[in-house]
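Trainee: This structure is in structure tokens; I'll ask about it shortly.
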Amino acid sequence: MVRLERLRADHADALLAFERENRAYFARSVPDRGDAYFAGFPARHRALLAEQEAGVCHFHLVFDAEGELAGRINLVDVREGSAELGYRIGEDAAGRGLATAAVAGVRRLAVAPYGLRELTAVTTLDNPASMTVLTRNGFVAVGETFVDGRPGTRYTHRLPA
Numbered sequence: 001m002v003r004l005e006r007l008r009a010d011h012a013d014a015l016l017a018f019e020r021e022n023r024a025y026f027a028r029s030v031p032d033r034g035d036a037y038f039a040g041f042p043a044r045h046r047a048l049l050a051e052q053e054a055g056v057c058h059f060h061l062v063f064d065a066e067g068e069l070a071g072r073i074n075l076v077d078v079r080e081g082s083a084e085l086g087y088r089i090g091e092d093a094a095g096r097g098l099a100t101a102a103v104a105g106v107r108r109l110a111v112a113p114y115g116l117r118e119l120t121a122v123t124t125l126d127n128p129a130s131m132t133v134l135t136r137n138g139f140v141a142v143g144e145t146f147v148d149g150r151p152g153t154r155y156t157h158r159l160p161a
């Protein structure tokens, strides 16, 4: 079981701790955020909240059954009924089905209350776990792409009306 919470100002400390604890783990599969990300985190967090308030992004934290922060899942670049899905699950929570459950949960939120009709996502070819999460949630591969210079696949998912 997972619980998604829309990003709030009071999540800042827990989110920063999560990102620090998982920095090396995430850097194995995606480019490192860099020291500036951590040094400027308070301002970045405020900027994310402003984007969310403007309706151009929907940010969520993923909590596991024990109530521990296990990841984050986001819908970004919201426009014309579409958004791009992105997610990351921390090392301690990986392999327990949390990403699959979180994507299912955010798909429901995408329909209502967000009113979206389509989600897109990308993943690198060397990330079969992410590919599995997407396909288990009804995403269909629609083409090749590059993600930070690495070969990848683009996915799309039409949401129910």
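According to the UniProt record's numbering, the sequence shown holds residues 1 to 161 in order.
Note that CB positions come from ideal geometry on N, CA and C, so glycine has one too.
Are the beta-carbon atoms of G55 and V78 separated by less than 8 Å?
Mentor: Yes; because the gap between Cβ atoms is below 8 Å, this pair is in contact.
Trainee: Using the Cα positions of V106 and A121, report the straight-line distance between them to the nearest angstrom.
Mentor: Cα to Cα, the separation comes out at about 13 Å.
Trainee: By the 10 Å Cβ neighbour count, where 16 or more other Cβ atoms means buried, how is D92 classified, buried or exposed?
Mentor: Per the 10 Å Cβ criterion, exposed.
Trainee: Indicate whether V111 and L159 have their beta-carbon atoms separated by less than 8 Å.
Mentor: Taking 8 Å as the Cβ cut-off, V111 and L159 qualify as a contacting pair.
Trainee: Which stretch, first to last residue, makes up the alpha helix (DSSP H) that contains E91?
Mentor: Looking at the DSSP string, E91 is not in any alpha helix (DSSP H), and its letter there is neither H nor E.
Trainee: Should V140 be labelled buried (16 or more other beta-carbon atoms within 10 Å of its own) or exposed?
Mentor: Answer is exposed; the Cβ neighbour count stays below 16.
Trainee: Would you kindly check if the distance between the Cβ of G90 and the Cβ of G71 is under 8 Å?
Mentor: Yes, the Cβ-Cβ distance between G71 and G90 is below 8 Å.
Trainee: Tell me, please, which residues DSSP counts as bridged to E118.
Mentor: The partner list for E118 (beta bridge, DSSP) reads S82, R158.
Trainee: Indicate whether H45 and A12 have their beta-carbon atoms separated by less than 8 Å.
Mentor: Yes, the Cβ-Cβ distance between H45 and A12 is below 8 Å.
Trainee: Going by DSSP in three states, V133 sits in which element: helix, strand or coil?
Mentor: Three-state result, V133: helix.
Trainee: So, with DSSP's three-state summary, where would you put V2?
Mentor: Coil, per DSSP.
Trainee: With distance defined between alpha-carbon atoms, name the residue in D126, A161, G149 nearest to R117.
Mentor: The option with the nearest alpha carbon to R117 is A161.
Trainee: Jot down the residue ranges of each uninterrupted beta strand (DSSP E) in the stretch 22 to 91, minimum 3 residues, whole runs only, in chain order.
Mentor: Entirely contained in the stretch 22 to 91, the beta strand (DSSP E) runs reaching 3 residues are, in chain order, 58 to 63, 69 to 79, 82 to 89.
Trainee: Can you tell me which of Y155, F38, V133, T100 puts its alpha carbon nearest to the alpha carbon of L4?
Mentor: For the residues Y155, F38, V133, T100, the minimum Cα distance to L4 belongs to T100.
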